[in-house]
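S.K.: Numbering (the working numbering), first residue to last: 276 to 653.
For reference, the structure I am asking about is given below.
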Ligand code: PHE
């Protein structure tokens, strides 16, 4: 545990990821993708016009993570079920938007922030509690907007044009569509989707920055406008490089790392497809249990929730867990108690697991479910 604070829900497994900073390791696919995006902004706007910030620390205040970007007090992302709290006022950032205000306040008018972000979530091939985001912000001063009848609409149009160019740079010529979205910090807000590998895929969220954020933080920005976007690097890298499981980014296995070289990026994944090394067999373990009667779905730390269960499994099995899946649930009308069955899929990326070791992991998971989540095993 990071602190003895009662609000602390950062496990050792998560704490050990701070400082790894995969996005700064030159031959890592996340860094290669980051560099490809930086190259696009340098080519389009001029070298260094968008300041590249890779070193901002993931420990931030709740003020930075939520209040400064106008996340409402009751928003789910503030719940300790979703976010890692070090203490009641300090979190592991859940998005790179946490830094918008401080960077604007430092006087920057165009910047890209890349960093590790942390979210309590389900476990499967595309979800990992640590992933990487890139945030982009561009400010237009009042003078640049002179003569624009609708500055916000003009800003949104510029944003879309820049991001459509980015999509083409990364994926080659692909269809792009814009979907209306909601983010507390932008208005209007959009999601960009592209048609790739036969399906529509969400690439990023973006919008015109709330005027209160811009004018409240950027000196001299009165009457200006800004846009912002945020994209997740893992999902794009998985699609572009053909990486089938998000744990591979963390495995350090030479069979993985040797396939990537700085600069090996080609639009659409051409010439940079990962060839999977052999898959080892999975081992499924089911666990059935009763929840405490009347327990609410979103629980406090120390009670049952799916995210808390995933944290327990992660703490015991680390990256040997591939998926935690709800198989069945029912409520007994007489007792009012709810039963659930979850399947835990164990699989190593690097070797075959023995029955013995999987049984030992599962026994430990079961013990911690009783002790830590208050469930009654069946
Ligand atoms: N912070 C948002 C997220 O994590 C992404 C975003 C960034 C959306 C900037 C709009 C503007 O989902």
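Think of the CB as a built atom: it goes at the ideal place given N, C-alpha and C, for glycine as much as any other residue.
Assuming residue 285 and residue 359 make a contact with CB atoms under 8 Å, what is their CB distance in whole Å?
M.R.: Yes, they are in contact, since the Cβ atoms of residue 285 and residue 359 sit about 5 Å apart, within 8 Å.
S.K.: Report, in whole angstroms, the separation of the C-beta atoms of residue 542 and residue 445, which I expect to be a contact under 8 Å.
M.R.: The Cβ separation is near 6 Å, so the contact holds.
S.K.: I'd like to confirm something about residue 406: is its beta-carbon nearer than 6 Å to some heavy atom of the ligand PHE, or not?
M.R.: No, Cβ of residue 406 sits at least 6 Å from all heavy atoms of the ligand PHE.
S.K.: Using DSSP with H/G/I as helix, E/B as strand and the rest coil, what is residue 598?
M.R.: In the structure shown, residue 598 sits in a strand (DSSP, three-state: E or B).
S.K.: Out of 578, 499, 291, state which residue places its alpha-carbon closest to the alpha-carbon of residue 391.
M.R.: For residue 391, the nearest C-alpha among the options comes from 291.
S.K.: As a quick exercise: from 433, 410, 348, 507, pick the residue whose alpha carbon is nearest that of residue 420.
M.R.: Of the listed residues, the one whose Cα sits closest to residue 420 is 433.
S.K.: Kindly provide the ranges of any beta strand (DSSP E) runs that are 3 or more residues long and lie completely inside the stretch 390-459, ordered along the chain.
M.R.: Correct list: 405-415, 451-458.
S.K.: Skipping 5 residues on each side, what residues in its chain have a beta carbon closer than 6 Å to that of residue 329?
M.R.: Cβ neighbours of residue 329 beyond the five flanking positions: 299, 389.
S.K.: Determine which residues share a DSSP beta bridge with residue 651 and list them.
M.R.: Residue 651 pairs with 565.
S.K.: Relative to the ligand PHE, is the shortest distance from any of its heavy atoms to the C-beta of residue 430 smaller than 6 Å?
M.R.: Flag unset: Cβ of residue 430 not near the ligand PHE.
S.K.: Please classify residue 554 as buried or exposed, where buried requires at least 16 neighbouring CB atoms within 10 angstroms.
M.R.: With fewer than 16 Cβ atoms within 10 Å of its Cβ, residue 554 is classed as exposed.
S.K.: Output the distance between the C-alpha atoms of residue 524 and residue 304, rounded to the nearest integer angstrom.
M.R.: In a straight line, the C-alpha of residue 524 is about 8 Å away from that of residue 304.
S.K.: When the Cα atoms are used, what is the spatial distance from residue 409 to residue 357?
M.R.: The alpha-carbon atoms of residue 409 and residue 357 are separated by roughly 20 Å.
S.K.: Is residue 564 closer than 7 Å to residue 311 when the C-beta atoms are compared?
M.R.: Cβ atoms of residue 311 and residue 564: not closer than 7 Å.
S.K.: Since residue 617 sits in a beta bridge, which residues does DSSP pair it with?
M.R.: Looking at the DSSP assignment, residue 617 forms a beta bridge with 562, 601.
S.K.: Does the distance from the CB of residue 478 to the CB of residue 488 come in under 7 Å?
M.R.: Not a contact, by the Cβ cut-off of 7 Å.
S.K.: Can you tell me which of the three DSSP states residue 637 falls into?
M.R.: Residue state, collapsed to three classes: helix.
S.K.: Verify whether the separation of the beta carbon atoms of residue 481 and residue 460 is less than 7 Å.
M.R.: Not in contact: residue 481 and residue 460 (Cβ atoms no closer than 7 Å).
S.K.: I'd like to know if the stretch 462-476 and the stretch 399-415 are in contact, where contact means that at least 3 CB-CB pairs between them fall below 8 Å.
M.R.: No: fewer than three Cβ pairs fall under 8 Å.
S.K.: Out of curiosity, what's the CA-to-CA distance linking residue 281 and residue 355?
M.R.: Cα-Cα distance, rounded: 12 Å.
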